[in-house]
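Chemist: Take 173 as the starting number for the sequence shown in my numbering and just add one per residue.
Here it is: the structure, laid out below.
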Amino acid sequence: MNRRIIDLSVTLTDRFITDPPGLEPDITYQDHAEGARWYAETFGIPVDHQRDGAGAAIERLTLTTHNGTHLDAPWHYHPTMNKGERAITIDEVPLEWCMGPGVKLDFRDMPDGHVVTAAEMEAEFARIGHELRPGDIVLVNTRAGALYGDPGYLAAGCGIGREARSG
173 MNRRIIDLSV
183 TLTDRFITDP
193 PGLEPDITYQ
203 DHAEGARWYA
213 ETFGIPVDHQ
223 RDGAGAAIER
233 LTLTTHNGTH
243 LDAPWHYHPT
253 MNKGERAITI
263 DEVPLEWCMG
273 PGVKLDFRDM
283 PDGHVVTAAE
293 MEAEFARIGH
303 ELRPGDIVLV
313 NTRAGALYGD
323 PGYLAAGCGI
333 GREARSG
């Protein structure tokens with residue numbers, strides 16, 4: 173079986189909005205000069221004793237679990253699953269759920285805020301000639317990517333992606 177792995181990750185940034193207001197990441201960038209001053213204050217190493225007067229460049233992050241590429245565990249949606257079982261948390265999600273054949277559905281013609289129905293999903297599967305199978309990872313292309321500055325973004329069963337095999 174020939175397999176192609178597609179990286180669905182996207183760069184975490186605060187340069188454009190990808191999350192609802194109040195949930196966006198806050199990233200403070202510290203350059204090498206600031207890093208050198210921090211080393212001097214914290215470790216007592218004078219800036220002129222640091223290689224080229226440069227310290228570590230770092231980023232300080234304030235995040236939510238929805239920032240960047242992520243997987244929502246069943247626990248995120250509800251405390252139970254499978255008719256009353258305790259919902260699994262992110263550390264309990266099997267990695268196998270995140271690797272498998274991908275199928276892309278195109279809903280870019282839907283208006284903002286539209287909730288896709290089961291019938292619309294079935295129609296899209298029929299349009300691309302794909303029968304959904306256990307283990308398939310469904311990627312949904314919406315117009316949301318245009319808001320995020322990248323029309324190639326896809327909402328996926330295991331994150332956000334830039335491309336996928338389409339039918």
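Where is the CB? At the ideal position from N, CA and C, for every residue including glycine.
Can you tell me whether A290 is buried or exposed, with buried defined as 16 or more other CB within 10 angstroms of its CB?
Modeler: It counts as exposed.
Chemist: With 16 as the cutoff for other CB atoms within 10 Å, does P273 come out buried or exposed?
Modeler: Classification of P273: exposed, given that the 10 Å Cβ count is below 16.
Chemist: Quick check on G227: buried or exposed, where buried means 16 or more other Cβ atoms within 10 Å of its Cβ?
Modeler: So G227 ends up on the buried side.
Chemist: Using DSSP's beta-bridge definition, name the partner residues of Y201.
Modeler: E231.
Chemist: Can you give the Cα-Cα distance for V182 and Q222, rounded to whole angstroms?
Modeler: About 34 Å.
Chemist: Determine the extent of the alpha helix (DSSP H) in which I300 is found, giving its start and end residues.
Modeler: Counting along the chain, the alpha helix (DSSP H) containing I300 begins and ends at 290-300.
Chemist: Take the Cβ of I217 as the centre, count every other Cβ of all protein chains shown within 10 Å, and call the residue buried at 16 or more, exposed below.
Modeler: Counting Cβ neighbours within 10 Å, I217 comes out exposed, since fewer than 16 surround it.
Chemist: So is D244 in contact with chain B if we call contact Cβ pairs under 8 Å?
Modeler: Of the protein chains in this structure there is only one, and it is not chain B.
Chemist: Decide if R187 is buried, meaning its Cβ has at least 16 other Cβ atoms within 10 Å, or exposed.
Modeler: Under this definition R187 is an exposed residue.
Chemist: Assign A336 to buried or exposed, taking buried as 16 or more other Cβ atoms, counted over all protein chains shown, within 10 Å of its Cβ.
Modeler: Only weak support exists for where A336 lies, its pLDDT of 37 falling under 50; the value from the coordinates is given anyway. It is buried - the Cβ of A336 has at least 16 other Cβ atoms within 10 Å.
Chemist: DSSP three-state label for R258, please.
Modeler: In the structure shown, R258 sits in a strand (DSSP, three-state: E or B).
Chemist: Helix or strand or just coil, what does DSSP make of I332?
Modeler: Note that I332 has pLDDT 34, beneath the 50 cutoff, so the model's placement of it is unreliable and the number below is only indicative. Looking at I332 - three-state DSSP - the assignment turns out to be strand.
Chemist: Tell me whether the segment 277-284 and the segment 255-262 touch, counting them as touching only if at least three CB pairs, one residue from each stretch, are closer than 8 Å.
Modeler: Contact between the segment 277-284 and the segment 255-262 is absent, because fewer than three Cβ pairs lie under 8 Å.
Chemist: I'd like to confirm the pairing. Which residues does DSSP put opposite V219 in its beta bridges?
Modeler: Note: V219 sits in no beta bridge, so no partner.
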